[in-house]
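Engineer: The structure's right below; bear with me while I get my questions together.
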Amino acid sequence: WHIECSAMSARYLGETFDLHGGGLDLVFPHHENEIAQSEAASGKPFVTHWMHNGFVETNKEKMSKSLGNFFTIRDMFERVDAEAIRYFMLTVSYRGPLAFDWDLDAEGHVTRFPQLADAEERLEYLYTTLDRFAAIPTARVSDASRPPAAAIAEFEARIAKALDDDLNFPVALAHVAELLSSINELADRLKKGKETIAGTEKSAVDAALGALRARLGLGAQDVRQVLLGIRERRARSRGIEGERVDSLIRERAEARTAKDFQRADALRKELQELGVELLDTPEGTSWRVPA
Numbered sequence: 289w290h291i292e293c294s295a296m297s298a299r300y301l302g303e304t305f306d307l308h309g310g311g312l313d314l315v316f317p318h319h320e321n322e323i324a325q326s327e328a329a330s331g332k333p334f335v336t337h338w339m340h341n342g343f344v345e346t347n348k349e350k351m352s353k354s355l356g357n358f359f360t361i362r363d364m365f366e367r368v369d370a371e372a373i374r375y376f377m378l379t380v381s382y383r384g385p386l387a388f389d390w391d392l393d394a395e396g397h398v399t400r401f402p403q404l405a406d407a408e409e410r411l412e413y414l415y416t417t418l419d420r421f422a423a424i425p426t427a428r429v430s431d432a433s434r435p436p437a438a439a440i441a442e443f444e445a446r447i448a449k450a451l452d453d454d455l456n457f458p459v460a461l462a463h464v465a466e467l468l469s470s471i472n473e474l475a476d477r478l479k480k481g482k483e484t485i486a487g488t489e490k491s492a493v494d495a496a497l498g499a500l501r502a503r504l505g506l507g508a509q510d511v512r513q514v515l516l517g518i519r520e521r522r523a524r525s526r527g528i529e530g531e532r533v534d535s536l537i538r539e540r541a542e543a544r545t546a547k548d549f550q551r552a553d554a555l556r557k558e559l560q561e562l563g564v565e566l567l568d569t570p571e572g573t574s575w576r577v578p579a
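To convert, note that position 94 of the sequence shown is 382 in the numbering used here; the numbers rise steadily by one, no gaps.
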C-alpha cells in the first residue's frame with residue numbers, strides 16, 4: 289500500500305514535489321511510511337507541503353459509502369444550486385470536519401438539508417445584491433471621486449491574506465459578507481432621491497466582484513437564472529404553484545390600481561399563507577420563497 293504510492297508519485301511527479309493531500313486518517317502510518325521509504329530511496333526531501341482534510345460527517349459519524357449514509361452530487365443538484373454546495377464547503381477549514389445533516393418527515397423521507405439550506409440562503413443574498421448593483425442606472429453614477437468603503441477597496445487584499453493563511457475560507461467568507469453589506473449601502477443611497485454614487489466607488493465594486501469570482505468562484509453565474517432557480521426549487525418542494533402565485537399577484541395589482549386596498553391586503557395575506565414573500569418595487573412586484 290505505502291510502496292505503491294511512493295512508486296506512483298516518483299514516476300509521475302518526481303522524487304520531490306510540492307503538494308501532497310489526503311485524509312487526516314492517513315497521516316499515520318501511511319504518509320509517514322511514504323516519507324520514510326521515498327526519502328530513503330532518493331536521498332531527497334519527499335514533499336514540500338502536506339494538506340490533510342477532515343471528513344464529511346452526519347450525526348457526528350463519518351459519511352461513507354460502506355455505511356450508506358451518503359447522498360450523491362446528482363441528488364444534491366436536484367435540491368439546491370450547485371454553487372450553494374461550494375459555498376457550504378467554504379464555511380469550514382478544509383482540515384476540520386464538515387457537518388452535513390438532514391431532516392426527516394414522519395415517514396422517514398428526507399425533507400431538508402439544514403446546512404445546505406443555510407448556504408443557499410446566503411447565496412441568494414449574494415445574487416440579490418449583485419442584481420441590485422447591476423440595476424444602478426448609468427445616470428446615477430457621477431464623475432466624482434469618492435473613496436469607497438474599506439470593505440470594498442481592501443476586499444481583494446483581505447481575501448488574499450485569508451487564503452495565504454492555510455486557505456482560511458471562513459475568514460474569506462466573512463470579508464464577502466462585509467463586501468455585500470457595503471454594496472447594499474451604496475444601493476440604498478440611491479433611494480434618497482438625487483443622491484449618486486461616485487465613479488470611483490463603482491469601479492472599486494467591479495474590481496472586488498472580479499476578485500470574488502476569481503478567488504472563490506462565487507457570483508459568476510447569470511444572476512436572474514440563479515434567483516429564479518432557487519425560487520422554483522423551493523416552490524416545488526413546498527407544493528407552491530407558480531402560475532397561481534402570478535395570478536394572485538396580478539389580481540392584487542388590479543385591486544391596488546382600483547384603490548381597493550382591503551382586497552389587496554387580503555391577497556397579500558393569502559400569498560403569505562402559501563409561503564410566498566412579495567417584493568414591491570417601482571418596476572412592479574416580484575416574489576420569492578424564503579428558505
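Note that beta-carbon positions come from the ideal geometry of N, C-alpha and C, so glycine has one too.
(1) Are three or more beta carbon pairs between the segment 520-536 and the segment 549-565 nearer than 8 Å?
(2) Can you have a look at Tyr-415 and say buried or exposed, based on whether 16 or more other CB atoms are within 10 angstroms of its CB?
(3) Looking only at its own chain, which residues have a Cβ that is under 8 Å from the Cβ of Tyr-300, when we skip the five neighbours before and after it?
(4) In this structure, does DSSP put Ile-485 in helix, strand or coil?
(5) On the three-state DSSP scale, how would you describe Lys-479?
(6) Is the CB-CB distance between Ile-485 and Leu-468 below 8 Å?
(7) If you run the structure through DSSP and keep just helix, strand and coil, what is Arg-383?
(8) Counting only the same chain and skipping the five closest in sequence on each side, list residues whose C-beta sits under 7 Å from that of Val-580.
(9) Output yes or no for whether 8 Å exceeds the beta carbon distance between Arg-540 and Leu-555.
(10) Three-state secondary structure (DSSP) at Glu-395?
(11) In the DSSP assignment, what residue or residues form a beta bridge with Ser-411?
(12) Check each candidate in Leu-386, Thr-417, Glu-395 and name the one with the smallest Cα separation from Pro-402.
(13) For the beta strand (DSSP E) that contains Gly-530, what are its first and last residues?
Structural biologist: Taking the structure as given:
(1) yes
(2) buried
(3) none
(4) strand
(5) helix
(6) no
(7) coil
(8) Residue coverage of the chain in this structure runs from 289 to 579, which leaves residue 580 outside it and unanswerable.
(9) yes
(10) coil
(11) The sequence shown places Leu at residue 411, not Ser. In DSSP, Leu-411 forms no bridge with anything.
(12) Leu-386
(13) Note, Gly-530: premise wrong, no beta strand (DSSP E); alpha helix (DSSP H) at 530-545.
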